[in-house]
Each structure stands twice: as C-alpha cells, then as structure tokens.
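Notes follow the structure.
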Amino acid sequence: MPRRRASISKKQWAALRLFAMDVDGVLTDGTVAIASDGTETKHFSILDGMGIVRLHKAGVAVAWISGRASGATTVRAAELRVPHVIQGRTDKLMALQELVSQLRLTPAEVCYMGDDDIDAPAIAWAGLGVAPAGSMPAALKAARYVPARPAGRGAVREVCEHILANRGQ
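Per the working numbering, the sequence shown starts with residue 1263, numbered consecutively.
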C-alpha cells in the first residue's frame, strides 16, 4: 500500500501550484452511462467541485487530463472554470509535461491524481502523485498519497483541502 500523508511534508503540500488529474475514476466513480441515443452522463461530486473552486481562488492551477473526449467532461469543466482541459490524450505523462512546461513549473510544484495504468507514469513523475484507493495496482504503486475518500465521492476534495491547509488557507 502506498504511503499516506505522513510521508508528505507541509512544505511539499504548500509548494504545489498545479493540481492535475484524470477525470474518469478520479472525478467520477469510473462509470459512464450511455443512453440508446448515444448521450453520455457522468456523476461528479459537488464536494470535489467546491475544492476545485477553492483552489482556483487560492491561485492554484487546475488541469484535467482525460484519455477520452467527453461532452459531459467539457460541460463540468466549464461550470467549474477549469482553465486547462486536455481530452483524448492517452499519454498522460507527455500531456502533463507539456502543460508544466507551458506554465513554467517544476515537477515539485505539481500534484497529479490518476487511477489507471496510463496514469502511473504521470503519478510517478509529479512531485506529489496521488491515486484513489480503488485504483489499478500500477497507479497505487506510483502514488505517494491515497485519499481516504473514494473516487467521485470527495477524493479530489481531500487533496484540495491538504493543499489549502498547508498553504495557510
């Protein structure tokens, strides 16, 4: 089992300037409902949304990096004013590194949260890698922190709260 918060210093939490994350299996419980007419729905946690809004107000950038394009993801990102939404990219590490370069950040200033094999390299590369408890083994192995709350039910908010608390906000 990956180490939890005890191995992450207040200084490391406070240094984070970007919280990037996968969408399906992190902001949602990993399920997608597709109706017979092809429309898609996802369930997003209001708790997670409030955490993202609070990070934005505190000056911490937020990014969503999803392996699949989704109208539901686009709509929710717009509601929350997520400034960096990257969809249809399965090479999460490359997408994250490109964004970090554009923002002129260092890996130590980045938290990445993902749940699957394709997220593991980005989780390992980020200064603080996170995976929800129900994640695939590769993601859990790469993670330094595993939230107590499940994916799509406050796991993102838990990370947001740690970032904000350690920044003194």
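For each residue, glycine too, the CB sits at the ideal point set by N, CA and C.
Bear in mind that the values here come from a model prediction, so they are computed numbers and not experimental data.
Residue i burial status per 10 Å Cβ neighbour count (16 or more: buried)
i, result
"ILE1296", "exposed"
"ARG1366", "exposed"
"GLY1430", "exposed"
"GLY1333", "exposed"
"ALA1427", "exposed"
"ARG1265", "Note that ARG1265 scores a pLDDT of 43, beneath 50, so its modelled location is shaky; the value from the coordinates is reported in the next line. It is exposed - the Cβ of ARG1265 has fewer than 16 other Cβ atoms within 10 Å."
"SER1307", "buried"
Per DSSP, the bridge partner or partners of residue i
i, result
"LEU1278", "Paired residues: none, contrary to the question."
"MET1312", "Paired residue(s): none; MET1312 is not in a bridge."
For residue j and residue i, the rounded distance between their alpha carbons
i, j, result
"SER1271", "TRP1387", "18 Å"
"THR1290", "GLY1416", "10 Å"
"ALA1268", "GLU1371", "Unreliable placement is indicated for ALA1268, whose pLDDT of 46 sits below 50; no coordinate value is reported for it."
"ALA1384", "LYS1354", "6 Å"
"ILE1348", "VAL1362", "13 Å"
Option nearest residue i by Cα separation, candidates the options
i, options, result
"THR1368", "SER1269, TRP1275, LYS1273 and ARG1279", "ARG1279"
"PHE1281", "SER1307, THR1293, TRP1326 and THR1303", "TRP1326"
"GLY1313", "VAL1347, GLY1396, GLY1329 and ARG1343", "ARG1343"
"ARG1351", "ALA1401, VAL1294 and ASP1381", "ASP1381"
"GLU1302", "VAL1337, LEU1361 and VAL1324", "VAL1337"
"SER1328", "HIS1305, VAL1288, ARG1316 and VAL1315", "VAL1288"
"GLY1389", "ASP1379, ALA1331, ALA1404 and GLY1396", "ALA1404"
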